[in-house]
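Enquirer: So the protein lines, in turn, are chains Z and U. Per full-length UniProt numbering, numbering through the first sequence is continuous, rising by one, with the last residue being 250. Per full-length UniProt numbering, numbering through the second sequence is continuous, rising by one, with the last residue being 250. We treat Cβ as the ideally placed atom computed from N, Cα and C, and that holds for glycine. Before we start, here is the structure in question, set down as structure tokens.
There are 2 protein chains.
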Amino acid sequence: MPDQTTCQFEARPRRISLAGAHRSPEYCLSCGVRGRSVCSVVDDADIARLAETAVETLVLPGRCFIEEGGPATDFFNITAGTVKLFKALPDGRRQITGFAGTGHFLGLAVSDHYAFGAEALDTVRLCRFSRARMRHLLDDFPRMERRLLEEASNELVAAQNQMLLLGRKTARERVASFLLDRVQDALDPTGVVPLPMTRADIADYLGLTIETVSRTLSWLRREGMIAIGKGHAIHIAAMPRLEALASGDA
Amino acid sequence: MPDQTTCQFEARPRRISLAGAHRSPEYCLSCGVRGRSVCSVVDDADIARLAETAVETLVLPGRCFIEEGGPATDFFNITAGTVKLFKALPDGRRQITGFAGTGHFLGLAVSDHYAFGAEALDTVRLCRFSRARMRHLLDDFPRMERRLLEEASNELVAAQNQMLLLGRKTARERVASFLLDRVQDALDPTGVVPLPMTRADIADYLGLTIETVSRTLSWLRREGMIAIGKGHAIHIAAMPRLEALASGDA
DNA sequence: CGCGTCATTGAGATCACTCAAAAGGAGTGG
DNA sequence: CCACTCCTTTTGAGTGATCTCAATGACGCG
Numbered sequence: 001m002p003d004q005t006t007c008q009f010e011a012r013p014r015r016i017s018l019a020g021a022h023r024s025p026e027y028c029l030s031c032g033v034r035g036r037s038v039c040s041v042v043d044d045a046d047i048a049r050l051a052e053t054a055v056e057t058l059v060l061p062g063r064c065f066i067e068e069g070g071p072a073t074d075f076f077n078i079t080a081g082t083v084k085l086f087k088a089l090p091d092g093r094r095q096i097t098g099f100a101g102t103g104h105f106l107g108l109a110v111s112d113h114y115a116f117g118a119e120a121l122d123t124v125r126l127c128r129f130s131r132a133r134m135r136h137l138l139d140d141f142p143r144m145e146r147r148l149l150e151e152a153s154n155e156l157v158a159a160q161n162q163m164l165l166l167g168r169k170t171a172r173e174r175v176a177s178f179l180l181d182r183v184q185d186a187l188d189p190t191g192v193v194p195l196p197m198t199r200a201d202i203a204d205y206l207g208l209t210i211e212t213v214s215r216t217l218s219w220l221r222r223e224g225m226i227a228i229g230k231g232h233a234i235h236i237a238a239m240p241r242l243e244a245l246a247s248g249d250a
Numbered sequence: 001m002p003d004q005t006t007c008q009f010e011a012r013p014r015r016i017s018l019a020g021a022h023r024s025p026e027y028c029l030s031c032g033v034r035g036r037s038v039c040s041v042v043d044d045a046d047i048a049r050l051a052e053t054a055v056e057t058l059v060l061p062g063r064c065f066i067e068e069g070g071p072a073t074d075f076f077n078i079t080a081g082t083v084k085l086f087k088a089l090p091d092g093r094r095q096i097t098g099f100a101g102t103g104h105f106l107g108l109a110v111s112d113h114y115a116f117g118a119e120a121l122d123t124v125r126l127c128r129f130s131r132a133r134m135r136h137l138l139d140d141f142p143r144m145e146r147r148l149l150e151e152a153s154n155e156l157v158a159a160q161n162q163m164l165l166l167g168r169k170t171a172r173e174r175v176a177s178f179l180l181d182r183v184q185d186a187l188d189p190t191g192v193v194p195l196p197m198t199r200a201d202i203a204d205y206l207g208l209t210i211e212t213v214s215r216t217l218s219w220l221r222r223e224g225m226i227a228i229g230k231g232h233a234i235h236i237a238a239m240p241r242l243e244a245l246a247s248g249d250a
């Protein structure tokens, strides 16, 4: 079982390319994530610059690869898997500030210390950029900065939505909002929500307890709004009712 | 009395410069806010480009100048006063997502609709940039984009802190955190916190009710941690105890 | 002085939390 | 294949922090 208290780098880093003395750009060119991430703004011709800057890293489930308060040495681009971002209080209370999936960019910080921690939910693959190398990259590709600004803007909007949720919504509204966000994120029109996170993670994300999350999901099931399947998957049975609940119209 | 429900543009816009056919750059050159805002990255030589892009606007206390969900037509740079940013639910519940003061840049959004509303707390002066003009400005001054990215990063960190507060802190911890943030913001080492906002605003910011905010401030006073002065000003009497409370060490 | 708004304080209600126990699932080893 | 363990999830009962409702007090303004 992964130890949640020790937040160590248990990753296995290796260079993107293993062939030849130079790191090859083929990896980036064939990267399925490129279209969805900051990397998309770098042309094929310049991709070598990108490839030689990145280090591929694998993070095992439950492992922490960003330690809250630790020195901010790297930026990360997630190429596979899902991570949770969180902040903690000295007595152990936790708030998950977001879940970051494939294509997400992590580590934006003016300070030289990370303001949050990051832990892998499942096996996560990511590209790692040292701060110094990233700075050179941004100097050479100003379009990356624009793209990062877009991403940061989107995250700010999400953060504001989450503040509304945490500050003003009831437990039922929070869980409904969460499920809808997830189904949006999964781009699955059938209404099946994959939940790679535990009840504890959902609770820490919604500012609730495990018990309240569980009770609320049971209530949604009894009300016929969702169906709870095997293996952490939930099917949304009454989308309009759930949407009304999530937006507080109920 | 300002009507909070109608969120209209009650501002009095006028061009920055009134002298001559061309808008003069003197306004920006002598602007006391320039050093603290995105404008600082534009050299004196190029300041005319900046000046001709901005429109000075005055917003009266209690007036809304960004309507949540309305078309995102402009960006804003606050040159005087304080505004509150908020989101609302259909039934009237509100969450203030932040207070923005002099030098702050508003309106970052990828969407063409504002994700939040903004209302003046006191008389607010701001520079207004249309989206189209702003885009040209960013094309010409890439350093502005970098500066905006820094500002967005800082706001993200603040948003994450606020999520921790809203999701996991008690009422006492929230109020203590709020007072400390304010004193930090005011750069006043004497520990006097100016509070230009009402109890209702504080409550909507901290995810509490007016009554709880009031009760908690009274409790802090009884405990000797603060002194409540005239005219919405609070003096912090026991900084270390307040800090311990805010961080959850109590 | 009288009015409206904002802030404080009190009493009771409620939603979510805490504590506790049982049920469900996954992995391991006999 | 089953027994066993560990962990997660669910459900129940009671508590408590915060909310709601209500009244009073303080302040500014015409």
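Can you pull the chain U neighbours of V110 of chain Z, defined as C-beta to C-beta under 7 Å?
Expert: The residue given as residue 110 of chain Z occupies position 110 in the first sequence. Per Cβ cutoff of 7 Å: E150, S153 and N154.
Enquirer: Using beta carbons (cut-off 8 Å, strictly below), is K230 of chain U in contact with chain Z?
Expert: Counting from 1 along the second sequence, the entry for residue 230 of chain U is found at position 230. No, K230 of chain U lies away from the interface with chain Z (no Cβ there is under 8 Å from its Cβ).
Enquirer: What are the boundary residues of the beta strand (DSSP E) that S130 of chain U is part of?
Expert: If you number the second sequence from 1, residue 130 of chain U lands on position 130. Counting along the chain, the beta strand (DSSP E) containing S130 of chain U begins and ends at V124 to S130.
Enquirer: Per the contact definition of three or more C-beta pairs closer than 8 Å, is the stretch 142 to 161 of chain Z in contact with the stretch 73 to 83 of chain U?
Expert: Counting Cβ pairs under 8 Å, fewer than three are found: no touch.
Enquirer: Classify H136 of chain Z as buried or exposed, calling it buried when 16 or more other Cβ atoms lie within 10 Å of its own Cβ.
Expert: Taking the first sequence and counting its residues from 1, the one referred to as residue 136 of chain Z is at position 136. Exposed, because fewer than 16 other Cβ atoms sit within 10 Å of the Cβ of H136 of chain Z.
Enquirer: Any Cβ of chain U within less than 8 Å of the Cβ of L242 of chain Z?
Expert: For this step, residue 242 of chain Z is matched to residue 242 along the first sequence. No, because no Cβ of chain U sits closer than 8 Å to the Cβ of L242 of chain Z.
Enquirer: What are the residues that DSSP puts in a beta bridge with L85 of chain U?
Expert: Counting from 1 along the second sequence, the entry for residue 85 of chain U is found at position 85. Under DSSP, L85 of chain U shares a beta bridge with U:G98 and U:A118.
Enquirer: Bridge partners of T57 of chain U, per DSSP?
Expert: Reading the second sequence from its first residue, position 57 is the one you call residue 57 of chain U. Answer is U:L126, bridged to T57 of chain U.
Enquirer: Helix, strand or coil: which one does DSSP assign to A233 of chain Z?
Expert: As a position in the first sequence, residue 233 of chain Z is number 233, starting the count at 1. Three-state DSSP puts A233 of chain Z in a strand.
Enquirer: So which of Z:A171, Z:V110, Z:R241 and Z:I47 has the shortest CA-CA distance to A203 of chain Z?
Expert: Your numbering for residue 203 of chain Z matches position 203 in the first sequence. Cα-wise, what sits closest to A203 of chain Z is Z:A171.
Enquirer: With DSSP collapsed to three states, give me the class of C64 of chain U.
Expert: The residue given as residue 64 of chain U occupies position 64 in the second sequence. Correct three-state label for C64 of chain U: strand.
Enquirer: Can you confirm whether F76 of chain U, when its beta carbon is compared against all beta carbons of chain Z, has any partner nearer than 8 Å?
Expert: Here residue 76 of chain U refers to the residue found at position 76 of the second sequence. No, no contact with chain Z.
Enquirer: Measure the C-alpha to C-alpha separation of R168 of chain U and R94 of chain Z and round it to an integer number of angstroms.
Expert: The residue labelled residue 168 of chain U in the question sits at position 168 within the second sequence. The residue labelled residue 94 of chain Z in the question sits at position 94 within the first sequence. Each residue's Cα considered, the two are about 7 Å apart.
Enquirer: Just to check my reading of the structure: A233 of chain U and P194 of chain U have Cβ atoms closer than 8 Å, yes? What is that Cβ distance to the nearest angstrom?
Expert: Sequence index remark: in the second sequence, residue 233 of chain U carries index 233 (1-based). Sequence index remark: in the second sequence, residue 194 of chain U carries index 194 (1-based). Rounded, the Cβ-Cβ distance is 6 Å, consistent with contact.
Enquirer: Are G107 of chain Z and D74 of chain Z touching if we call contact CB-CB under 8 Å?
Expert: Here the question's residue 107 of chain Z lines up with position 107 in the first sequence. Here the question's residue 74 of chain Z lines up with position 74 in the first sequence. Cβ distance < 8 Å, so G107 of chain Z and D74 of chain Z count as in contact.
Enquirer: Rounded to whole angstroms, how far is the Cβ of L242 of chain Z from the Cβ of A186 of chain Z, which I believe are closer than 8 Å?
Expert: For the purposes of this step, residue 242 of chain Z is taken as the residue at position 242 of the first sequence. For the purposes of this step, residue 186 of chain Z is taken as the residue at position 186 of the first sequence. In fact, because the Cβ distance is near 15 Å, the residues do not count as touching under 8 Å.
Enquirer: In angstroms, rounded to a whole number, what distance separates the CA positions of A45 of chain Z and N77 of chain Z?
Expert: Reading the first sequence from its first residue, position 45 is the one you call residue 45 of chain Z. Reading the first sequence from its first residue, position 77 is the one you call residue 77 of chain Z. A straight-line Cα-Cα distance of about 21 Å links A45 of chain Z and N77 of chain Z.
Enquirer: Are the beta-carbon atoms belonging to G248 of chain U and P90 of chain Z less than 8 Å from one another?
Expert: For the purposes of this step, residue 248 of chain U is taken as the residue at position 248 of the second sequence. For the purposes of this step, residue 90 of chain Z is taken as the residue at position 90 of the first sequence. Yes; because the gap between Cβ atoms is below 8 Å, this pair is in contact.
Enquirer: Any idea which residues DSSP pairs I47 of chain Z with across the strands?
Expert: On the first sequence, residue 47 of chain Z is found 47 positions in, with the first residue counted as 1. I47 of chain Z pairs with nothing; no bridge assigned.
Enquirer: Applying the 10 Å Cβ sphere with the 16-neighbour rule, what's the burial state of R222 of chain U?
Expert: Counting from one through the second sequence, the residue named residue 222 of chain U turns up at place 222. Counting Cβ neighbours within 10 Å, R222 of chain U comes out exposed, since fewer than 16 surround it.
Enquirer: So, using beta-carbon positions, are E145 of chain U and L50 of chain Z closer together than 8 Å?
Expert: For the purposes of this step, residue 145 of chain U is taken as residue 145 along the second sequence, with counting starting at 1. For the purposes of this step, residue 50 of chain Z is taken as residue 50 along the first sequence, with counting starting at 1. Contact flag unset, no.
Enquirer: Is the CB-CB distance between P25 of chain Z and I47 of chain Z below 8 Å?
Expert: Mapped onto the first sequence, residue 25 of chain Z falls at position 25. Mapped onto the first sequence, residue 47 of chain Z falls at position 47. Contact flag set, yes.
Enquirer: Mind pulling the beta strand (DSSP E) runs of 3 or more residues that sit fully within the UniProt domain "HTH crp-type" (169 to 240) of chain U?
Expert: For the UniProt domain "HTH crp-type" (169 to 240) of chain U, whole beta strand (DSSP E) runs of length 3 or above, ordered along the chain, are 192 to 194, 226 to 228 and 233 to 236.
Enquirer: Please decide whether T5 of chain U counts as near chain Z, where near means a Cβ-Cβ distance under 8 Å.
Expert: Within the second sequence, the letter at position 5 stands for residue 5 of chain U. Low per-residue confidence applies at T5 of chain U: pLDDT is 41, beneath 50, and the placement is therefore not dependable enough to give any value.
Enquirer: So which residues of chain Z does T97 of chain U contact, with C-beta pairs closer than 7 Å?
Expert: Taking the second sequence and counting its residues from 1, one reaches residue 97 of chain U at position 97. By Cβ distance, chain Z contributes Q160 and M163.
Enquirer: Which residues in the same chain have their Cβ closer than 7 Å to the Cβ of T198 of chain U, if we skip the five residues on either side of it in sequence?
Expert: For the purposes of this step, residue 198 of chain U is identified with residue 198 of the second sequence, where counting begins at 1. Cβ neighbours of T198 of chain U beyond the five flanking positions: none.
Enquirer: Answer yes or no: do residue 260 of chain Z and L166 of chain U have a C-beta to C-beta separation smaller than 8 Å?
Expert: For chain Z, the structure presents residues 1 to 250; residue 260 of chain Z sits outside this window and is missing.
Enquirer: Any Cβ of chain Z within less than 8 Å of the Cβ of E145 of chain U?
Expert: Residue 145 of chain U sits at position 145 when you count from the first residue of the second sequence. Yes - at least one Cβ of chain Z is within 8 Å of the one on E145 of chain U.
Enquirer: Just the C-alpha distance for G224 of chain U and H235 of chain U, rounded to the nearest angstrom, thanks.
Expert: Translated into positions along the second sequence, residue 224 of chain U becomes position 224. Translated into positions along the second sequence, residue 235 of chain U becomes position 235. Straight-line Cα distance between these residues: approximately 11 Å.
Enquirer: How many angstroms separate the CA atom of T102 of chain U from the CA atom of T57 of chain Z?
Expert: Along the second sequence, read from residue 1 onward, the residue named residue 102 of chain U stands at position 102. Along the first sequence, read from residue 1 onward, the residue named residue 57 of chain Z stands at position 57. Each residue's alpha carbon lies about 42 Å from the other.
Enquirer: Strictly below 7 Å CB to CB, what residues from chain U border A115 of chain Z?
Expert: Position 115 of the first sequence holds residue 115 of chain Z. Taking a Cβ-Cβ cut-off of 7 Å, the neighbours of A115 of chain Z in chain U comprise V157 and Q160, given in sequence order.
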